[in-house]
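K.L.:
Below: one structure in structure tokens.
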Amino acid sequence: MIDRAIHLQGIAKSFGAQTAVEDLDLRVPSGSIYGLLGPNGAGKTTTLRIVLDIIGPDRGRVEVLGSQVDDAVRSRVGYLPEERGLYPRMRVLDHLIFLGTLKGMHRGEARAAAHHWLERLGLAERSTDRVDTLSKGMQQKVQFLSTVVHDPDLLILDEPFGGLDPLNVDLLKEIVLERQRQGSTVLFSTHRIEDAERLCDRVCMIAGARKVLDGPLGEIKASAGRREILLGLEGDASFLRELSCVRRLSDHGNYFEIRLADGANPQEILEAALSENVRVRHFELAEPSLREIFLERAGARAAEPGPEAGP
Amino acid sequence: MSRKAWAITKREYLERVRARWFLVATFGLPVVLVGLIFLPELIVFRGAAGEEGLNLGVLDYSGRVAGDLGAALGDEWAVQPVHEEHERSEGELREAFRATSLDGLLIVGADPDEEGSVRLLARRVISGRQGRELRGGIRDALVAARLREHGIEEIDTRRLFRGADLRIIQVTPEGERSREAFQIVAMLFAVVTYMMFLIYGQLIVRAVLEEKSSNVVEVMMSSVRPWEMMLGKMFGVGAVGLTQIAIWAAIGGLLSLYGLPGLSSVLAAEGVDLSQLRLPIGLLAWALLYFILGYLLYAGLFLAAGASLGNEQDAQQVVTPLVVIIVVGFILVIGIIESPNSSWAVVGSLVPLFSPMIVPARLAISHVPAMELAGSVSLLVLGMLGSAWLAGRIYRVAILMSGKRANLAEVVRWIRHG
Chain H
1 MIDRAIHLQG
11 IAKSFGAQTA
21 VEDLDLRVPS
31 GSIYGLLGPN
41 GAGKTTTLRI
51 VLDIIGPDRG
61 RVEVLGSQVD
71 DAVRSRVGYL
81 PEERGLYPRM
91 RVLDHLIFLG
101 TLKGMHRGEA
111 RAAAHHWLER
121 LGLAERSTDR
131 VDTLSKGMQQ
141 KVQFLSTVVH
151 DPDLLILDEP
161 FGGLDPLNVD
171 LLKEIVLERQ
181 RQGSTVLFST
191 HRIEDAERLC
201 DRVCMIAGAR
211 KVLDGPLGEI
221 KASAGRREIL
231 LGLEGDASFL
241 RELSCVRRLS
251 DHGNYFEIRL
261 ADGANPQEIL
271 EAALSENVRV
281 RHFELAEPSL
291 REIFLERAGA
301 RAAEPGPEAG
311 P
Chain G
312 MSRKAWAITK
322 REYLERVRAR
332 WFLVATFGLP
342 VVLVGLIFLP
352 ELIVFRGAAG
362 EEGLNLGVLD
372 YSGRVAGDLG
382 AALGDEWAVQ
392 PVHEEHERSE
402 GELREAFRAT
412 SLDGLLIVGA
422 DPDEEGSVRL
432 LARRVISGRQ
442 GRELRGGIRD
452 ALVAARLREH
462 GIEEIDTRRL
472 FRGADLRIIQ
482 VTPEGERSRE
492 AFQIVAMLFA
502 VVTYMMFLIY
512 GQLIVRAVLE
522 EKSSNVVEVM
532 MSSVRPWEMM
542 LGKMFGVGAV
552 GLTQIAIWAA
562 IGGLLSLYGL
572 PGLSSVLAAE
582 GVDLSQLRLP
592 IGLLAWALLY
602 FILGYLLYAG
612 LFLAAGASLG
622 NEQDAQQVVT
632 PLVVIIVVGF
642 ILVIGIIESP
652 NSSWAVVGSL
662 VPLFSPMIVP
672 ARLAISHVPA
682 MELAGSVSLL
692 VLGMLGSAWL
702 AGRIYRVAIL
712 MSGKRANLAE
722 VVRWIRHG
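These protein sequences, in sequence, are chains H and G.
The opening position of the first sequence corresponds to residue 1 in our numbering, with each subsequent residue numbered one higher.
The opening position of the second sequence corresponds to residue 312 in our numbering, with each subsequent residue numbered one higher.
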């Protein structure tokens, strides 16, 4: 087994005057769940398309599953594009078989695999229905199936949770984790940092076509070198602003995110709260959220999703 | 061809053949076409069946027409001479005609050779055929009268004017063929090719647009190469066209074996005897070859046009020039069928955009020299490869663009740099 499922070196791509990706290095270890983060328009989709050889980079080297992208590699990759799409007039089972054969499967193999997955996701009765007669949620499920039906070694998911109902989000996460347990590598992009934080071993953040952060999630958080206190209060919280050990305070009303000054003891906050006449409902020592780190690194402007973004 | 391109071909083919559209087009189109060609003639024939000769009064001041007119017109007409002592005014004649039960009153002036001296007052509209028959009858009566003046009596004027039934049989190295029958074959080749290029070209444009708008293209691109998608689409859609032609050929074959009542009599009236029509296999093979090469040429162009478009509205603008080219080709063919040896025919046979329509028609009605044929096929193959290359360059870039239509400068850049 190769230890790097994906290896990009010095990738650059522009469309006309617009730079989509600039000098990007990316190493995705085999067996990891890797999140590609960044605001809309940061170059995530372009990067994924370069990995899949759907578009060629202007510069740089692309290596996927140990070699340049060719038919053999393509057959071992499953791809869920951000813009979902199936042939509306095909029958569900035929469609899965068709996409399976395009991944080099034999028809019989593809049929068996498609049956298995349809059964598992409760779509067996709809297998002879046309795709356009399915509800949107079912079409989404069929689309996931098409990315795993050929048992790929590498899953590439572009904004997989966008526009999904919660049931399908859970289902997709379940499949992703299951693939990882079976040894597959998963690379997915999202502009919703919370999704990545819950699911990924490693993340790479890009903003404005450049990489701003890359590495294992734990290391990134540790290297941020600070801790946060999440504090829930009832009563007058103005005393928090007076404390010398508070370096930054995010005020959410009854709920506060507090970053301590270097070397300060979190206990000081609790003691101060107890000596004031307020009720402490919640006190938690937390690592900084990925969002906080990202905001710090990329700058607030780039990190906030645009108007069309959001869950 | 790779296995993947083959899988795509099969998908494109099955999706279309299974669609209701296919049945409607395959069986509806010949009906419409036959209707358009033969309807006018069928209407005349049907009308003629219920249409009798007129009950005609003849007021003959010259005394040269009335006597022979009855015999010249035949039994369907009832001709009765009307006698008037004095020449009446036009107004009085009309008044008198209204009072009778006659269908028409033919008035022949004292000198029938004088312009406007022979007039027909008619109660109803006279059909074209009745007018022709009456004109012929008057002519025959006048000829008989003139011959009598020269002392020739007792002559069958109908026989006097009868020509010969000329049949043109072309003796070619492959055998004999009747000009009239093969003119119909040439026309059929031209019409089918013309229609198929137009219909299937638009079908390809729609297929590409649908693929873009349903976003399925990106899933496809993660599994196959653009050229595989392109070939699969071109071959799949083309196979649907060939299936359609095969069905039509089978229907045509059955009809020529068992005959279609009415049709053969209509054709016979045009001097075409279907029983004489034996299509040489060589001719069919050439027609098929030209159809396939021509289809691939146009499919590439339509595909490139479709790929560089954003939506259905834009499609019309870019597709229109291609449609115009095909229509021009068809107009050329019609002229060339009339004069198959013109220099237009020779030049047109060498232009890849036109030769798929022109050459099969020419082969049907005349002999095309081997050198010309070789040049024509080679240029068509080159044109087809060029179109495929061009389409490939445009397709692989344009297929991922969504939303706006590419401008010409962009398309040129894709072609040059890929």
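Ideal Cβ placement from N, Cα and C applies to all residues, glycine included.
Assign ASP153 of chain H to one of three DSSP states: helix, strand, or coil.
P.N.:
Reduced to three states, the DSSP call for ASP153 of chain H is coil.
K.L.:
Rounded to whole angstroms, what is the Cα-Cα separation between LEU604 of chain G and LEU350 of chain G?
P.N.:
33 Å
K.L.:
Which residues mark the beginning and the end of the beta strand (DSSP E) in which LEU612 of chain G is found?
P.N.:
Counting along the chain, LEU612 of chain G falls outside any beta strand (DSSP E), though it belongs to the alpha helix (DSSP H) covering 592–618.
K.L.:
Evaluate ILE463 of chain G with the Cβ neighbour count: other Cβ atoms within 10 Å of its Cβ, from every protein chain shown; 16 or more gives buried, anything less gives exposed.
P.N.:
exposed
K.L.:
Quick one: which unbroken beta strand (DSSP E) runs of 3-plus residues sit fully inside the segment 321–401 of chain G? Chain order, please.
P.N.:
If we require 3 residues or more, the beta strand (DSSP E) runs fully inside the segment 321–401 of chain G come out as 366–371 and 389–393.
K.L.:
Counting only beta-carbon atoms, is VAL644 of chain G nearer than 8 Å to chain H?
P.N.:
no
K.L.:
Can you name, in chain order, every residue of its own chain whose Cβ lies under 6 Å from the Cβ of LEU384 of chain G, other than the five neighbours on each side?
P.N.:
GLY448
K.L.:
Within 10 angstroms of its Cβ, does ALA360 of chain G collect 16 or more other Cβ (buried), or is it exposed?
P.N.:
Bear in mind that a pLDDT of 47 at ALA360 of chain G, under 50, signals an unreliable position, so the number given afterwards is only what the model happens to contain. Exposed, because fewer than 16 other Cβ atoms sit within 10 Å of the Cβ of ALA360 of chain G.
K.L.:
Can you find a CB in chain H that lies within less than 8 Å of the CB of SER619 of chain G?
P.N.:
no
K.L.:
Along the segment 61–87 of chain H, what residues have a CB closer than 9 Å to any CB found in chain G?
P.N.:
ASP71, ARG74, SER75, VAL77, GLY78, TYR79, LEU80, PRO81, GLU82, GLU83, ARG84, GLY85, LEU86 and TYR87
K.L.:
What does the alpha-carbon distance come out to for the pair LYS13 of chain H and ILE33 of chain H?
P.N.:
25 Å
K.L.:
Answer yes or no: do PHE665 of chain G and LEU701 of chain G have a C-beta to C-beta separation smaller than 8 Å?
P.N.:
no
K.L.:
Using beta-carbon positions only, say whether ARG281 of chain H and GLY232 of chain H come within less than 8 Å of one another.
P.N.:
yes
K.L.:
GLY218 of chain H lies in the alpha helix (DSSP H); which residues open and close that run?
P.N.:
Per DSSP, the unbroken alpha helix (DSSP H) holding GLY218 of chain H starts and ends at 217–223.
K.L.:
At which residues does the beta strand (DSSP E) containing PRO29 of chain H begin and terminate?
P.N.:
18–29
K.L.:
Using a Cβ-Cβ distance under 8 Å, would MET532 of chain G count as near chain H?
P.N.:
yes
K.L.:
Return the chain-ordered list of same chain residues with a C-beta closer than 7 Å to the C-beta of ALA318 of chain G, the five sequence neighbours on each side being excluded.
P.N.:
none
K.L.:
Using alpha carbons as the reference points, say which of H:ASP25, H:ARG4 and H:THR19 lies closest to GLY10 of chain H.
P.N.:
For GLY10 of chain H, the nearest C-alpha among the options comes from H:ASP25.
K.L.:
Using a Cβ-Cβ cut-off of less than 7 Å, give me the residues of the segment 29–44 of chain H that come near chain G, in sequence order.
P.N.:
none
K.L.:
Would you kindly work out how many angstroms separate the C-alpha atoms of ILE562 of chain G and PHE338 of chain G, rounded to a whole number?
P.N.:
10 Å
K.L.:
When the Cα atoms are used, what is the spatial distance from ASP23 of chain H to GLU268 of chain H?
P.N.:
45 Å
K.L.:
Could you tell me the boundaries of the alpha helix (DSSP H) in which LYS136 of chain H lies?
P.N.:
Counted as a single uninterrupted DSSP element, the alpha helix (DSSP H) harbouring LYS136 of chain H occupies residues 136–148.
K.L.:
I'd like the list of long-range same chain contacts for GLY626 of chain G, defined as Cβ closer than 6 Å, with 5 residues on each side in sequence excluded.
P.N.:
The sequence given here has Ala at residue 626 of chain G, not Gly. Taken in chain order, the residues that qualify are VAL516 and LEU620.
K.L.:
Would you mind reading off the limits of the beta strand (DSSP E) that contains ASP251 of chain H?
P.N.:
246–251
K.L.:
Determine, for ALA720 of chain G, whether the minimum Cβ-Cβ distance to residues of chain H falls below 8 Å.
P.N.:
ALA720 of chain G does not count as touching chain H.
K.L.:
Pop quiz: VAL148 of chain H and ILE175 of chain H are said to be a contact at Cβ under 8 Å. What is the actual Cβ separation, rounded to whole angstroms?
P.N.:
6 Å
K.L.:
Among the candidates G:ARG536, G:LEU566, G:MET507 and G:LEU594, whose CA atom is the shortest distance from the CA of LEU553 of chain G?
P.N.:
LEU553 of chain G has its Cα closest to that of G:MET507, out of G:ARG536, G:LEU566, G:MET507 and G:LEU594.
K.L.:
Is DSSP giving GLN312 of chain H helix, strand or coil here?
P.N.:
Only positions 1 to 311 of chain H appear in this structure, which leaves residue 312 of chain H out of reach.
K.L.:
Grab me the residues of ARG279 of chain H's own chain with a C-beta within less than 8 Å of its C-beta, minus the 5 sequence neighbours each way, in chain order.
P.N.:
LEU233, GLU234 and GLY235
K.L.:
Within 10 Å of its beta-carbon, does ASN265 of chain H have 16 or more other beta-carbons around it, so buried, or fewer, so exposed?
P.N.:
exposed
K.L.:
So which of G:LEU453, G:ASP476 and G:GLY593 has the shortest CA-CA distance to ILE466 of chain G?
P.N.:
Out of G:LEU453, G:ASP476 and G:GLY593, G:LEU453 has the C-alpha closest to the C-alpha of ILE466 of chain G.
K.L.:
Going by other Cβ atoms of all chains shown within 10 Å of its Cβ, with 16 needed for buried, is GLY16 of chain H buried or exposed?
P.N.:
Counting the other Cβ atoms within 10 Å of the Cβ of GLY16 of chain H gives fewer than 16, which makes it exposed.
K.L.:
Quick one, which residues of the segment 682–711 of chain G are near chain H if we go by CB-CB under 8 Å, in chain order?
P.N.:
LEU711
K.L.:
My guess is that LEU93 of chain H and ALA113 of chain H are in contact by the Cβ rule of under 8 Å, so how many angstroms apart are they, rounded?
P.N.:
The Cβ separation is near 11 Å, so there is no contact.
K.L.:
What does ALA158 of chain H pair with, by DSSP beta-bridge criteria?
P.N.:
Position check: residue 158 of chain H holds Asp in this sequence, whereas Ala was assumed. Beta-bridge pairing links ASP158 of chain H to H:SER189.
K.L.:
Where does GLY35 of chain H land, buried or exposed, given buried means 16+ other C-beta within 10 angstroms?
P.N.:
buried
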